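Peer 1: Count along the sequence shown starting at 1, add 547, and that's the number in our numbering.
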Amino acid sequence: MLGQEFAKTLQSQEIDVATFNRSNFSTYSTSEAMALALENSDVVINCIAYTAVDKAESEEALAYEINAEFPRKLAIASAKVGAKLIHFSTDYVFDGSQAEPHRTGEAKAPKNAYGRTKAAGEDFVLQNADQFAILRTAWLYGQYGKCFPKTIANALTTRDFVEVVNDQHGQPTWTKDVVDLTLAFIESGSTQKIIHAVSQGEATWFNFAQAVATSINKEKSLVVRPVTSENFVTAAKRPKFSLLETANDFDFQIGHWLERWRRAAAEVLS
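#1: In the DSSP assignment, find the unbroken beta strand (DSSP E) run with residue 772 in it and report its ends.
#2: Quick test of the definition: if touching needs 3 or more C-beta pairs under 8 Å, does the region 756-768 touch the region 698-711?
#3: Could you tell me whether the Cβ atoms of residue 752 and residue 711 are closer together than 8 Å?
#4: Please state whether the Cβ-Cβ distance between residue 671 and residue 615 is less than 8 Å.
#5: Rounding to the nearest angstrom, what Cα-Cα distance links residue 633 and residue 774 in this structure?
#6: If you drop the 5 nearest sequence neighbours on each side, which residues of the same chain put their C-beta closer than 8 Å to that of residue 726?
#7: When the Cα atoms are used, what is the spatial distance from residue 573 to residue 612?
#8: Whose CA, out of 788, 736, 771, 603, lies closest to the CA of residue 718?
#9: Are there three or more Cβ pairs, one per stretch, closer than 8 Å when the region 586-593 is compared with the region 619-636?
#10: Does the Cβ of residue 689 have 16 or more other Cβ atoms within 10 Å, making it buried, or fewer, making it exposed?
#11: Within the chosen definition, does the region 673-683 reach the region 797-804 through at least 3 CB pairs nearer than 8 Å?
#12: Relative to the C-alpha of residue 644, which candidate in 658, 651, 652 has its C-alpha closest?
#13: Can you tell which of 765, 810, 620 has its C-alpha closest to the C-alpha of residue 667?
#14: So, with DSSP's three-state summary, where would you put residue 568?
#15: How do the region 739-750 and the region 774-784 stand: do at least 3 beta-carbon pairs fall below 8 Å, yes or no?
#16: Tell me which residues share the same chain as residue 582 and place their Cβ nearer than 6 Å to its Cβ, disregarding the 5 neighbours each side in the sequence.
#17: Quick one, which of 635, 599, 606 has its alpha-carbon nearest residue 740's?
#18: Sort 722, 791, 797 by Cα distance to residue 735 and report the nearest one.
#19: Give me the Cβ distance between residue 791 and residue 683, rounded to the nearest whole Å; I'm assuming they're in contact under 8 Å.
#20: Which residues in the same chain as residue 839 place their Cβ atom closer than 7 Å to its Cβ, once the five residues preceding and following it in sequence are excluded?
#21: Identify whether residue 737 lies in helix, strand or coil by the three-state DSSP scheme.
#22: Please return the same chain residues whose Cβ sits closer than 6 Å to the Cβ of residue 664, not counting the five positions on each side in sequence.
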């Protein structure tokens with residue numbers, strides 16, 4: 548989802564970009580092999596992640612390989628070729644137990660396997676990369692791949708209503724905005740090491756689902772019903788309040804999540 552957004556944007560700007568996927572770049576390669584593939588790169592942008600939050604509870608070793616061990620090798624490879632590594636992480640490195648947005652320098656405290664593996668990936672980048680930035684994002688949606696608003700929109704074509712959790716708070720964020728923020732960061736020359744790449748404002752999954760319903764001309768008060776996390780049991784425990792504080796030193800802010808969704812909806816749901 549995020550990788551394709553980067554590729555489309557960079558190619559449209561006629562920036563020299565090499566794209567990688569399972570067919571030409573294995574997460575199990577050695578750092579030496581990765582360095583050969585990345586030779587002559589100025590910037591390496593890592594959009595690879597194991598993001599099946601519930602499945603990670605039973606596949607933590609696989610999630611660790613992709614979310615922690617791969618970034619470790621990629622950090623070493625990027626340092627070998629003199630490239631700056633941009634690594635994407637998540638709000639789930641925090642437990643969400645506080646009532647105010649998490650700051651970039653706060654101690655991590657993940658509460659599920661996915662969060663633990665992403666936290667380990669951050670640590671490996673910090674330990675092994677020379678030039679780098681860790682960008683934490685959250686509740687990501689976009690034109691490519693699966694995402695929450697597509698799931699809700701599809702469900703509402705076949706059901707009279709959907710029930711959606713209303714006690715988990717976060718920041719729905721459009722992939723296109725993450726790309727724009729990342730490029731602004733790179734072009735600024737900022738040396739900030741950890742950045743929160745999320746929209747402004749606050750929403751629950753219920754709020755987000757209501758916005759999606761409105762975008763497909765459904766009466767939100769009729770087709771989206773709130774439930775608590777206790778009514779929607781999942782394998783992984785999720786943070787109740789995982790908002791991220793968004794201040795940075797290169798003067799770029801993503802707008803309010805609802806305004807950005809209204810801008811994105813037609814493209815994402817097309």
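The beta-carbon is built from N, C-alpha and C at its ideal position, and this holds for glycine as well.
None of the values given here were measured: they were computed from a predicted structure.
Peer 2: This is what the structure holds:
#1: Taking the sequence shown and counting its residues from 1, one reaches residue 772 at position 225. Segment 771-774, the beta strand (DSSP E) holding residue 772.
#2: yes
#3: Within the sequence shown, numbered from 1, the residue matching residue 752 stands at position 205. Within the sequence shown, numbered from 1, the residue matching residue 711 stands at position 164. Yes; because the gap between Cβ atoms is below 8 Å, this pair is in contact.
#4: Translated into positions along the sequence shown, residue 671 becomes position 124. Translated into positions along the sequence shown, residue 615 becomes position 68. Contact: yes.
#5: Position 86 of the sequence shown, counted from the first residue, corresponds to residue 633. Position 227 of the sequence shown, counted from the first residue, corresponds to residue 774. Spanning the two alpha carbons is a distance of roughly 37 Å.
#6: Counted from its first residue, the sequence shown places residue 726 at position 179. Counting only Cβ-Cβ distances below 8 Å, and skipping sequence neighbours, we find 549, 552, 553, 556.
#7: Walking along the sequence shown from the start, residue 573 turns up at place 26. Walking along the sequence shown from the start, residue 612 turns up at place 65. Residue 573 and residue 612: Cα-Cα distance of roughly 11 Å.
#8: Residue mapping note: residue 718 aligns to position 171 of the sequence shown, counting from 1. The candidate whose alpha carbon is nearest that of residue 718 is 788.
#9: yes
#10: Start at 1 with the first residue of the sequence shown, and residue 689 comes out as number 142. Classification for residue 689: buried.
#11: no
#12: As a first step, residue 644 must be located in the sequence shown, where it is residue number 97. For residue 644, the nearest C-alpha among the options comes from 658.
#13: For this step, residue 667 is matched to residue 120 along the sequence shown. Comparing Cα-Cα distances from residue 667 to each of 765, 810, 620, the minimum goes to 620.
#14: What you label residue 568 is simply residue 21 of the sequence shown in a count that begins at 1. Coil at residue 568, not helix or strand.
#15: no
#16: If you number the sequence shown from 1, residue 582 lands on position 35. Result list for residue 582: 624, 627, 628, in chain order.
#17: For the purposes of this step, residue 740 is taken as the residue at position 193 of the sequence shown. The option with the nearest alpha carbon to residue 740 is 635.
#18: Locating residue 735 in the sequence shown gives position 188, where the first residue counts as 1. Nearest of 722, 791, 797 to residue 735, Cα basis: 797.
#19: Numbered from 1 along the sequence shown, position 244 holds the residue referred to as residue 791. Numbered from 1 along the sequence shown, position 136 holds the residue referred to as residue 683. Indeed, because the Cβ distance is near 6 Å, the residues count as touching under 8 Å.
#20: Absent from the structure is residue 839, since the part of the chain shown begins at 548 and ends at 817.
#21: For this step, residue 737 is matched to residue 190 along the sequence shown. Residue 737 falls in the coil class under three-state DSSP.
#22: Within the sequence shown, residue 664 is the residue found at index 117, counting from 1. Within the same chain, residue 664 has close Cβ partners 610, 611, 614, 615.
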